[in-house]
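In the numbering used here, the protein residues as written are 9 to 640.
Built from N, CA and C at the ideal position, the CB exists for glycine as well.
Working notes, structure below.
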């Protein structure tokens, strides 16, 4: 438990509401972390019993399936069972428990936001900030210093000074929007650069790891070319993300200063929007690429699709790209948390250490405590802005892609437990005390959290439908594992691997894509397999999409539409059933308003009585005067 009232009294409501929100978010993460850990344990316990994973690892099934090269000329043929370990890892995250957990998280985020509104309303009432926003906020000094133009205020009908004309304001806003768009495009360019790296390194890793080199034998069973490429690319993405963040922070502050918002609230809201938009694209763009674009438009071995007319599009593992998305999330989320915590601890501590050393040199007198506190690092004019931003980005990782990484809430919980202590230690011992400020809520972050929560439903449904192999497995189990598509009389998962891999005639390779394979060519490879649902070479419509492909596409779209509508309807019902203000608090507020009205009424009566008392006494004396002749 945090001493929120003490924090509020000493640092003000603005700091108090931050620690209240962070503590409430951490408590709510506990439930999500427990359920996510249970989902992970279920997947780990059942990974060996998965039928399709057994088929991949079986020497008689996966060992006899020769896969087509995944790049032109330089990549060799390879046997499916070399992905045995990666298929087992995939079973940990790609199972029916993940579907249940994704739906649970969609409900959890709604419950979290609704109950936070209730808790926030209680704090507003307890800290007497209910009517804070109704007070007129004073302009910023930076704004008033540049007021050189006169303008008629439409509300007060008086002349007031402003720093720019309507045309000047439009130019400033346009400049800000253009700069933000430029940096967003710069992020996308960096993502393209990482994709080029992935394409180049995949060829290198494929040549090394799927060859007969004995020195790689201990690792070939556990590390596939896709995994090696994914890990190295994720680390590079993390480095680029951190570098761009450092540069854009300064640019965003400069743009907001140039726009010259009138009040501090307007300044913070403008900066919040710019920073979150940039951070959203910066942190999540690579994850969106892996989840929804990689391996989706690759063609087939005889007619591959080339990116920019030169690079052959990336393909996923036979089990899909879900494992790669999990790896990307784990590396970026963990690396970001560790780096931020190290920065928050070391930077202010080192600066204060240097400051104390410079102050004490040549001076032997004892410095008073208040002077020591004044020599601490200033908090900065943005205050807790970066703390909120860090947590909101983490909230996005926990909700947007949780269908591929059930351990995300657990990692977030561990990070938040450290974050609360680090922030408390930093504010109390490493930073100079700020002037206390009032705040009614968490400001512009509230609608951002609500927007992320709405988007999370669509992204998780799309991940399950289009990134994982759950829907193709269900379609095979209920439709294609029995007659007339199979000889089995009962629904089964046996034969799914063979059904999910199409056949390609090696003679149909073009000269550009034909592999230079000196290892398996002696075995006279006539056909190879690739991940897709296409007709075989001897079909009248060879290499066109098969009937199973259209069944799978229809099932994916139906799943996404149905799940989205069910979850959105559930979120709407929960939002309606959970009021923003508790009934007990409503009654208490009504009681206080009633008591206030009674007191005001009695005060007005008392004041009116005191005013008319002299007049009444004078009239009474005149009535009692015997010399006064009054004819009734």
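Residue(s) in a DSSP beta bridge with residue i
{"i": "residue 168", "result": "159"}
{"i": "residue 311", "result": "308"}
{"i": "residue 75", "result": "86, 537"}
{"i": "residue 511", "result": "537"}
{"i": "residue 328", "result": "325"}
{"i": "residue 385", "result": "439"}
{"i": "residue 553", "result": "542"}
{"i": "residue 319", "result": "315"}
Cα-Cα separation between residue i and residue j, rounded to whole angstroms
{"i": "residue 430", "j": "residue 520", "result": "57 angstroms"}
{"i": "residue 503", "j": "residue 68", "result": "13 angstroms"}
{"i": "residue 192", "j": "residue 278", "result": "17 angstroms"}
{"i": "residue 289", "j": "residue 397", "result": "14 angstroms"}
{"i": "residue 473", "j": "residue 535", "result": "30 angstroms"}
{"i": "residue 63", "j": "residue 392", "result": "53 angstroms"}
{"i": "residue 38", "j": "residue 117", "result": "13 angstroms"}
{"i": "residue 94", "j": "residue 110", "result": "22 angstroms"}
{"i": "residue 490", "j": "residue 562", "result": "19 angstroms"}
{"i": "residue 524", "j": "residue 310", "result": "15 angstroms"}
{"i": "residue 209", "j": "residue 315", "result": "16 angstroms"}
{"i": "residue 378", "j": "residue 332", "result": "53 angstroms"}
{"i": "residue 220", "j": "residue 249", "result": "Reliability of the predicted coordinates at residue 220 is poor, the pLDDT of 46 falling under 50, and the value obtained from them is presented with this limitation in mind. Straight-line Cα distance between these residues: approximately 37 angstroms."}
{"i": "residue 381", "j": "residue 11", "result": "22 angstroms"}
{"i": "residue 197", "j": "residue 362", "result": "40 angstroms"}
{"i": "residue 462", "j": "residue 583", "result": "12 angstroms"}
{"i": "residue 417", "j": "residue 346", "result": "16 angstroms"}
{"i": "residue 264", "j": "residue 389", "result": "13 angstroms"}
{"i": "residue 716", "j": "residue 129", "result": "This structure cannot speak to residue 716, because the chain is shown only from 9 to 640."}
{"i": "residue 154", "j": "residue 267", "result": "12 angstroms"}
{"i": "residue 56", "j": "residue 344", "result": "33 angstroms"}
{"i": "residue 365", "j": "residue 164", "result": "55 angstroms"}
{"i": "residue 613", "j": "residue 607", "result": "10 angstroms"}
{"i": "residue 1", "j": "residue 588", "result": "Outside the shown range of the chain, which is 9 to 640, sits residue 1, and nothing can be said about it."}
{"i": "residue 673", "j": "residue 394", "result": "There is simply no residue 673 to check, as the chain begins at 9 and stops at 640 in what is shown."}
Residues of its chain near residue i, where Cβ-Cβ distance is below 7 angstroms and the 5 sequence neighbours each way are ignored
{"i": "residue 480", "result": "508, 560"}
{"i": "residue 313", "result": "305, 306, 307, 321"}
{"i": "residue 465", "result": "114, 572, 575, 576"}
{"i": "residue 494", "result": "488, 503"}
{"i": "residue 348", "result": "398"}
{"i": "residue 469", "result": "568, 571, 572"}
{"i": "residue 46", "result": "none"}
Which of helix, strand or coil DSSP assigns to residue i
{"i": "residue 304", "result": "coil"}
{"i": "residue 277", "result": "helix"}
{"i": "residue 31", "result": "helix"}
{"i": "residue 438", "result": "helix"}
{"i": "residue 522", "result": "coil"}
{"i": "residue 377", "result": "helix"}
{"i": "residue 393", "result": "helix"}
{"i": "residue 135", "result": "coil"}
{"i": "residue 195", "result": "helix"}
{"i": "residue 605", "result": "helix"}
{"i": "residue 452", "result": "coil"}
Nonlocal neighbours in the same chain, by C-beta distance under 8 angstroms from residue i, ignoring five residues either side
{"i": "residue 624", "result": "none"}
{"i": "residue 148", "result": "269, 270, 271, 272, 275"}
{"i": "residue 439", "result": "356, 384, 385, 386, 387"}
{"i": "residue 545", "result": "511, 512, 513, 516, 535, 551"}
{"i": "residue 222", "result": "Summary for residue 222: the model assigns pLDDT 46, below 50, so the residue's position carries little reliability; its value from the coordinates is reported in the next sentence. Counting only Cβ-Cβ distances below 8 angstroms, and skipping sequence neighbours, we find nothing."}
{"i": "residue 19", "result": "435, 441, 442, 444"}
{"i": "residue 133", "result": "593, 596, 597"}
Pair within 8 angstroms by beta-carbon distance, residue i and residue j
{"i": "residue 70", "j": "residue 92", "result": "yes"}
{"i": "residue 297", "j": "residue 408", "result": "no"}
{"i": "residue 457", "j": "residue 121", "result": "yes"}
{"i": "residue 330", "j": "residue 476", "result": "yes"}
{"i": "residue 244", "j": "residue 205", "result": "yes"}
{"i": "residue 74", "j": "residue 537", "result": "yes"}
{"i": "residue 168", "j": "residue 180", "result": "no"}
{"i": "residue 336", "j": "residue 295", "result": "yes"}
Own chain, CB closer than 6 angstroms to residue i, minus 5 neighbours either side, in chain order
{"i": "residue 530", "result": "Note that residue 530 has pLDDT 39, beneath the 50 cutoff, so the model's placement of it is unreliable and the number below is only indicative. No residues qualify anywhere along the chain."}
{"i": "residue 334", "result": "101, 412, 413"}
{"i": "residue 21", "result": "135, 137, 446, 447"}
{"i": "residue 207", "result": "319"}
{"i": "residue 484", "result": "504, 507"}
{"i": "residue 182", "result": "none"}
{"i": "residue 188", "result": "282"}
Contact test: residue i Cβ vs the ligand MG heavy atom, cutoff 7 angstroms
{"i": "residue 349", "result": "Absent from the structure shown: the ligand MG. Ligands present: none."}
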